[in-house]
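**Q**
Residue numbers (full-length UniProt numbering): 1 to 139.
#1: Could you pull out every residue in the same chain whose Cβ sits closer than 6 Å to the Cβ of residue 10, ignoring the five residues on either side in sequence?
#2: Check residue 61 in the structure and name its three-state DSSP category.
#3: Please report the distance separating the alpha-carbon of residue 31 from that of residue 89.
#4: Nearest by alpha-carbon distance to residue 77: which of 16, 35, 116, 136 is it?
#5: State yes or no: is the C-beta of residue 56 within less than 7 Å of the C-beta of residue 84?
#6: Excluding the 5 residues preceding and the 5 following residue 122 in the sequence, name in chain order all residues of the same chain whose CB lies nearer than 6 Å to its CB.
#7: What do you reckon, are the CB atoms on residue 120 and residue 86 nearer than 7 Å?
#8: Only counting the same chain, and skipping five residues up and downstream in sequence, which positions put a Cβ closer than 6 Å to that of residue 41?
#9: For residue 133, which of helix, strand or coil comes out of DSSP?
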């Protein structure tokens, strides 16, 4: 198989620990989806990349460090895998009690669980990888 064609279905980028990174992350993911002609799940992917990147900034990236975002299209089964890599400590789990209507946070992983087909957490040294997957039918 041609290595160049496989690489075209994988994107990775590094972002600084800054709030202004979030719209850039969304633009990065949107561009990959358009190039891969996988826009039918774009809203779901963009919601999840926003939530996971925001969680990385708020809870997973120590000061002076950044985070990585990987997005990959598996051509054989039509799965988009999104990963956010951070270097911080801590566990990732949805809130045990859903947030109340006045609460400002606590919904991110609940949203990811609701719209992604699968999600989870993997260890890395240092830190963790929070991932989610979406089944797509390519045009």
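Yeah, the Cβ is synthetic: ideal placement off N, Cα and C, and Gly gets one too. Treat the numbers as computed from the prediction; the structure is a model and nothing was measured.
**A** Checking against the coordinates, here is how it stands:
#1: In its chain, beyond the 5 residues on either side, 72 have a beta carbon closer than 6 Å to the beta carbon of residue 10.
#2: Coil.
#3: Those two C-alpha atoms are separated by around 30 Å.
#4: Closest by alpha carbon: 136.
#5: Going by beta carbons, residue 56 and residue 84 fall inside the 7 Å limit.
#6: Around residue 122: 129.
#7: Judged by beta-carbon spacing, residue 86 lies beyond the 7 Å limit of residue 120, meaning their Cβ atoms are not closer than that value.
#8: Setting aside the 5 residues that flank it on each side, residue 41 is surrounded in the same chain by 134, 136, each with a C-beta closer than 6 Å to its C-beta; the list follows chain order.
#9: The answer is strand: DSSP assigns residue 133 an E or B state.
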